[in-house]
Every structure is written in C-alpha cells, then in structure tokens.
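K.L.:
The structure that follows is given in the form of structure tokens.
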Amino acid sequence: MADEPSASTMVAYYTASPASVRGRAVYVQFSNHRELKTDQAHSNAVSSPTTNIIANVN
C-alpha cells in the first residue's frame, strides 16, 4: 500500500468480509512495529514501512 488511508480502507474491508486462501482464513491487520527487520539471508526477506499490512494465514 502506498499510503495509510488506503491501508485503513483495506483493513476495514477485510475485517467486514474475511478473506480465505485455499479454504483457510486470512487475517489482515496493521503492524504494531514502526519497521520490520528481517534476516537478509532469506530469499523472501523484505523490509516494511509502517503503512504496510501484515497478513497472517492461520
């Protein structure tokens, strides 16, 4: 997401209409961290600004 209002809209949408991937619920929420730091040795490691959303697949 490019900006916080867009991220808020997305979170609100998926709170009202939960998404699923392969029959499993996907929860969308804002990160409580200002910046996410990852180990750069991992191929899928990405640094994320505050406005990014973390989607947890449970």
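Counted from 1, the sequence shown has number 29 at position 30 by numbering that gives the first Met the number 0; the numbering is strictly sequential.
Built from N, CA and C at the ideal position, the CB exists for glycine as well.
1. If you reduce the DSSP assignment to three classes, tell me which class serine 16 lands in.
2. Could you check the C-alpha separation between threonine 37 and tyrosine 13 for me, to the nearest Å?
3. In the DSSP assignment, find the unbroken beta strand (DSSP E) run with arginine 23 in it and report its ends.
4. Pick out whichever of Phe29, Glu34, Ser19 and Arg33 has its Cα sitting closest to the Cα of alanine 5.
P.N.:
Checking against the coordinates, here is how it stands:
1. coil
2. Their Cα atoms are separated by approximately 26 Å.
3. 23-29
4. The question names alanine, but residue 5 is serine in the sequence shown. Among Phe29, Glu34, Ser19 and Arg33, the Cα nearest to that of serine 5 is on Phe29.
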